[in-house]
Amino acid sequence: MPFIVKYSGDKKGTSPIVPKDFKISTAGCVRGCTDPYCADFGVIAQGPDAFDIYIGGRGGSKKPAHGSRIAKNVTGQGVAEVLEYVLTKYCELGQPNERLCKVIERCGRDVFTPSNVKYAVSKEFDDFLAFMYE
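In UniProt numbering, the protein residues as written are 1 to 134.
This is the structure we're talking about:
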């Protein structure tokens, strides 16, 4: 994901381009032990190369909240595209020191939802661990 470099500022992290720190969390199953539901951008595996994407969570605040799902069953490449889309919108709309969840409250979730993700997976996965046994 080389595009992330353009959003991360300098190597020391002291000059970020995003308005406020942006937390990404990934999980291998729907239990979400790594708190992808509470991150700015959460990715949860649903099967082999199939992921759901959540945005706008806030876990470390006075009022923690889960994010909203904006994409379902997308491939890894689709995750990268959605992440770049969300980061671009966040940079465009976010005010200095404004967390993504606050931008979503102000502008709405639909602004951050891409209209078409061309890397969507057509198959649904019934058992979230079934792919481990194939």
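Beta carbons are placed, not taken as given, at the ideal position from N, Cα and C, and that holds for glycine.
1. The alpha helix (DSSP H) with A27 in it runs from where to where?
2. Tell me whether I103 sits in a helix, a strand or coil according to DSSP, three-state version.
3. Between F41 and I17, which are expected to be in contact by the criterion C-beta below 8 Å, what is the C-beta distance as a whole number of angstroms?
4. Determine the DSSP secondary structure at Y54, reduced to helix, strand or coil.
5. Buried or exposed for A27, please, with buried defined as at least 16 other CB atoms from any protein chain shown within 10 angstroms of its CB.
6. Using three-state DSSP, classify Q46 as helix, strand or coil.
7. Taking its Cβ as the centre, do 16 or more other Cβ atoms sit within 10 Å of K89, making it buried, or is it exposed?
8. Could you check the C-alpha separation between A120 and K72 for me, to the nearest Å?
9. Considering only residues of the same chain and omitting the five flanking positions on each side of T34, which have a CB-CB separation below 6 Å?
10. Under the three-state reduction of DSSP, which class applies to R109: helix, strand or coil?
11. By Cβ distance, which residues of its chain are closer than 7 Å to residue 148, with the 5 residues on each side in sequence left out?
12. What span of residues does the alpha helix (DSSP H) with A80 cover, start to end?
Considering the structure as presented:
1. According to the DSSP assignment, A27 belongs to no alpha helix (DSSP H) but to the beta strand (DSSP E) extending over 24-27.
2. The sequence given here places Val at residue 103; Ile does not occur at that position. DSSP, reduced to helix, strand and coil, places V103 within a helical segment of the structure shown.
3. Contact flag wrong, Cβ pair sits at about 15 Å.
4. strand
5. buried
6. strand
7. buried
8. In this structure, the straight-line span from the alpha carbon of A120 to that of K72 is close to 8 Å.
9. S25, A27
10. helix
11. What is shown of the chain runs 1 to 134, which leaves residue 148 out entirely.
12. 76-93
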